[in-house]
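Residue numbers (UniProt numbering): 1 to 220.
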């Protein structure tokens with residue numbers, strides 16, 4: 001039986017897990033969960049994931065409900081490409097650091113802007129949130145200096161996670177032109193990751209349209 005990925009396409013985290021499946025060569029059974037219909041709170045889904053978060057992966061008797069853990073598992077369990085999540089402790093530690101940067105720094109700063117807009121009726125982007133996200137993008141641009149991907153010359157699962165977040169940022173209309181390394185890296189990821197358009201860009205565009213429809217004019 002194929003692993004099941006409970007998926008929310010507009011979510012950068014969920015797309016990051018799907019991109020990891022793509023690069024690991026895993027054929028997952030994608031089950032879309034519509035949070036606008038509160039499907040994440042159904043009795044059936046809560047039995048799978050009491051946190052009611054997406055993405056969620058079920059592979060046999062294993063259930064994982066964090067996108068970065070899912071990415072690491074899929075690469076370790078299924079991929080024959082050691083570059084995706086290297087066994088070498090130092091190389092793996094660097095991939096882990098970039099994954100933690102996504103979940104601990106970049107994504108929370110994006111969420112601080114977008115969650116109130118989507119769910120709380122906010123229509124503005126506040127200067128402190130704008131500066132905080134710009135700082136995180138600057139960090140990422142620094143990681144990419146002299147590198148093709150976020151840890152060096154090889155694509156890793158950290159690229160999958162981070163491009164899920166960054167493509168969401170770009171899709172809402174954020175200008176990343178000051179971070180030239182990021183713009184070039186997105187292009188490389190789009191070329192290197194199978195089915196990038198379907199697996200990532202369509203969902204990012206949907207996210208951007210949702211946020212843009214709720215923002216006051218002139219915010220971006």
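We put the CB at the ideal spot given by N, CA and C, even for glycine.
What you are looking at is a predicted structure, and each value in this text was computed from that prediction instead of being measured.
Would you decide whether residue 10 is buried or exposed? Buried here means 16 or more other CB atoms lie within 10 Å of its CB.
buried
Just list the beta strand (DSSP E) runs in the stretch 41–104, keeping only unbroken ones of 3 residues or longer that don't cross its boundaries, in chain order.
56–59 and 62–64
Does residue 268 pass the burial test, meaning 16 or more other C-beta atoms within 10 Å, or should it be called exposed?
Residue numbering for the chain in the displayed model covers 1 to 220; residue 268 lies beyond these limits and cannot be assessed.
Buried or exposed for residue 208, please, with buried defined as at least 16 other CB atoms from any protein chain shown within 10 angstroms of its CB.
buried
List the residues that DSSP assigns as beta-bridge partners of residue 7.
Answer is 32, bridged to residue 7.
Leaving out five residues on either side along the sequence, give the residues of the same chain with a beta carbon under 7 Å from the beta carbon of residue 52.
Once the five neighbours on either side are set aside, the close Cβ partners of residue 52 are 40, 41, 45 and 46.
Kindly indicate which residue of 20, 114 and 48 has the alpha-carbon position closest to the one of residue 69.
20
Which residues in the same chain have their Cβ closer than 7 Å to the Cβ of residue 151, if we skip the five residues on either side of it in sequence?
Apart from sequence neighbours up to five positions away, the residues of its chain that approach residue 151 with a beta-carbon distance below 7 Å are 94, 95, 98 and 158, ordered along the chain.
Just the C-alpha distance for residue 214 and residue 2, rounded to the nearest angstrom, thanks.
38 Å
Using the three-state DSSP reduction, which class does residue 152 fall into: helix, strand or coil?
strand
Kindly confirm or deny that the stretch 183–191 and the stretch 158–168 touch, where touching means at least three C-beta pairs closer than 8 Å.
Three or more Cβ pairs drawn from the stretch 183–191 and the stretch 158–168 lie within less than 8 Å of each other, which places the two stretches in contact.
Where do the ends of the alpha helix (DSSP H) carrying residue 13 lie?
12–24
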